[in-house]
Amino acid sequence: MSYDNHLRRLPLFANMPPQHLEWAKSAMRDLRFDVGETVFKQGDEAKGMYMFISGRGKLVRTAQDGSQQVLASVGMNQYLNEAALFKPGEESATLQITEQARILYISRRRLREIVGYHPEMKRYLPIPDDVARARRREQHFDGQRESEEVLLSTRRHWWAIARWMWLPVLILAAFSAVGVNVTIPALSLTLIGLGVVLSGLAALYIYAEWRNDQVIITSQRVIRIERTIITLDEHRSEIPLSSIQQVNAEKVVPADLFSRFMDYGTVEVRTAGQGGNLILTLIPDPEGVQDLIFDNRSRRHQEQEREHRQSIRAEVDRVLSGQDPDIEPDERAIEQESVYITHPPRGFLPTIYTDDDGNTVYRKHAFYYMRRTSLPVFVMLCAVVLLLFAGRFGLMAYAGAGGLFFFGLMWFWWVDWDWRHDYYVVGDEMIQLIHRRPLFLQDEDDQVLLERVDNVIARRTGIFQALFNYGVVKISLIGGNRDEHKLFEHVSNPSVIQEEITRRQQRWRSRQDTDAERRRREEIAEYLGVYHETYKSRLPGGIPSGGHEPPTPSHPAPDRGTSTGAPARPPRVPRRRPNNGGNT
């Protein structure tokens, strides 16, 4: 692309690093307009930003009485609708082309998708304060993507609370019964008060457990979040919409009589693999949830078909207007696969970094490292203490203390080497689980293609994992059994790793769709090119397709409509013979 210098004139991209700018180009499209054409109309949805590379245009506003007013003239290196990159709105005027123009269009939807794929771009985008505050208000859950729309955020039916409220009532009744029968007034009041407090705490705990669980359906995925307060467990699983094969809604649960008249039931979201299925129990209006998932999938499919037909129509218009077919990718098709931001490992215990190929590398948590190395360190400390007092026991004590220290040191080296060579690599096409042991005792490299990933689950269990924020990431595969998973064990911040995997998987799917769209456009351009050649060859005086133009004669043929001697005669009329004195 040849508009880098123009982009640097925009305040939005002036200070953006080159690598990030390459990513941002994926949201841009180079458009060309002739004199008299309309770029957008007043009242249309503002979908993005426009920058003039060349040419001119004018902004025209139409009043309610039909009168038109020219607001401004726009020329080279001037831009419009910067606010439309961050929030939806509508066009307040019509942009008409007054001089053949080349315009750079930046799509809001595509830019938000790219920022979702590359969150590190956020720090370089000067988002207005009002837009940032509005986005924070719209953030329904941690990890929501920039281009992700929340369609439904729900919890289990209120019956999930009510069916356990007998426990606080029983506690209050028991303490009250005992307190009433006690003859000592102070003790009686104490028991009744204790019953009120304990029953209130029990009711509060039941409510908190219900509120911690959440089911979220977005425009891209289905998410279930489950938390347990007592054990500090957190279980988060998600399924992309493209992976959903079947959704079953069971409104009447056979084992639950209350589901017959309280409008709740079970929703089962099935994928291609057994391990990736989600079973959502006690869900309000299960049939409505089922319809929402399928309607969302249908809507996305219709949007893709509409964009595909628009691209076909654009190619047809270009050919019919006499222009060459444009086989360049559209605004979704520009993917910079060879540009990455590298974050080398830092510190003594780096648990996450990015390599030169753009892959994210994860190691086990530092707490796991310290727990494994605590015993070797303790052994070496004991050896040092023995060395301090070895003089009282002679040479054998020095030898024993030295041997113990050497043993602890080798043990520490073994654990350290093992920790540094057990890691997990998440790339744009593949996930690697690498496990190695010293002295070549183990060298295992398990590779999984992103296209085979069915579901990703992040889980933390226990007080230590909650305090130090580490846990397990379980990856279920398409066609795998229910208990067959690939595990990232003892990794830091498992929910972030889960988001990284699903984000790269979404990017991979987008790249596949882009390649398919590019191939379709190339086929369309080829068909239209052949049609254009065939159409020209069938015009009067046209050259047949694959033929050659006849050579031009060196001497032009005489004009048959003129004569150098006798006048021209009509066809099939005998020539009159000259009279040489004979009879006529």
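Using this note's numbering, you'd call the opening residue of the sequence shown number 374 and step up by one each time. Beta carbons: idealized from backbone N, C-alpha and C, even for Gly. Everything numeric in this text was worked out from a predicted model, so none of it was measured.
Inside the stretch 762-834, DSSP marks whole beta strand (DSSP E) runs of 3 or more residues at positions 796-799, 803-810, 815-822, 826-833, from first to last along the chain.
Shown here, glycine 439 sits in coil according to DSSP, grouped into three states, outside any helix or strand. Just so you know, the alpha carbons of arginine 485 and aspartate 730 end up roughly 24 Å apart. The beta-bridge partner set that DSSP reports for glutamine 885 is empty. For leucine 540, the three-state secondary structure derived from DSSP is helix. Between the stretch 622-630 and the stretch 554-564 there are fewer than three C-beta pairs closer than 8 Å, too few to call the two in contact. For the pair of segments examined, the stretch 817-836 was found not to touch the stretch 770-781: the number of CB pairs separated by less than 8 Å stays below three. Cβ neighbours of aspartate 417 within its own chain (closer than 6 Å, five residues either side excluded): Glu464. Less than 9 Å divides the Cβ of tyrosine 797 from the Cβ of isoleucine 870.
Between the alpha carbons of valine 542 and phenylalanine 634 lies a gap of roughly 24 Å. With distances taken between CA atoms, threonine 591 lies nearest to Ser615 out of Phe740, Ser615, Arg877, Ile851.
Beta-bridge pairing by DSSP links leucine 404 to Ile476.
Rounded to the nearest whole angstrom, the C-alpha separation of alanine 547 and tryptophan 537 is 16 Å. Membership of isoleucine 579 in the alpha helix (DSSP H) is indicated by the continuous run 558-585. A residue is called buried once 16 or more other Cβ atoms fall within 10 Å of its Cβ, and tryptophan 786, having fewer, is exposed. Burial state of glutamate 611 is buried, judged by a 10 Å Cβ sphere holding 16 or more other Cβ atoms. Taking the Cα positions, asparagine 732 is about 13 Å away from arginine 876. Proximity to serine 480 across Asn454, Met494, Thr471 peaks at Asn454, based on C-alpha coordinates. Taking 9 Å as the cut-off, the Cβ atoms of valine 864 and glycine 844 count as close. Contact between tyrosine 578 and isoleucine 602 holds, since their C-beta atoms are separated by about 7 Å, short of 8 Å. Separation of aspartate 664 and histidine 530 (C-alpha to C-alpha, rounded to the nearest whole angstrom) is 18 Å. Below 8 Å, enough C-beta pairs join the stretch 637-653 and the stretch 844-857 to call them touching: three or more. Secondary structure note for asparagine 854: it is in no alpha helix (DSSP H), with a DSSP letter that is neither H nor E. DSSP places phenylalanine 721 outside both helix and strand once states are collapsed to three, so it counts as coil. Rounded to the nearest whole angstrom, the CA to CA distance from leucine 571 to glutamate 522 is 41 Å. Beta-bridge annotation (DSSP): aspartate 606 is paired with Thr601. Of the other Cβ atoms in all chains shown, fewer than 16 fall within 10 Å of the Cβ of proline 384; this residue is therefore exposed. By the CB criterion at 9 Å, glutamine 879 and glycine 516 fall outside the cutoff. Assignment of proline 499 by DSSP, reduced to helix, strand and coil, places it in the coil class.
Around the beta carbon of alanine 419, 16 or more other beta carbons sit within 10 angstroms, so the residue counts as buried. The straight-line gap separating the alpha-carbon atoms of glutamate 862 and threonine 654 is approximately 28 Å. Residue environment: tryptophan 396 is assigned as buried (16 or more neighbouring CB atoms within 10 Å of its CB, all protein chains considered). Rounded to whole angstroms, the separation of the alpha carbons of arginine 745 and alanine 756 is 19 Å.
Counting along the chain, asparagine 378 sits inside no beta strand (DSSP E); it lies in the alpha helix (DSSP H) bounded by residues 377-381. In the DSSP assignment, no residue is bridged to alanine 466.
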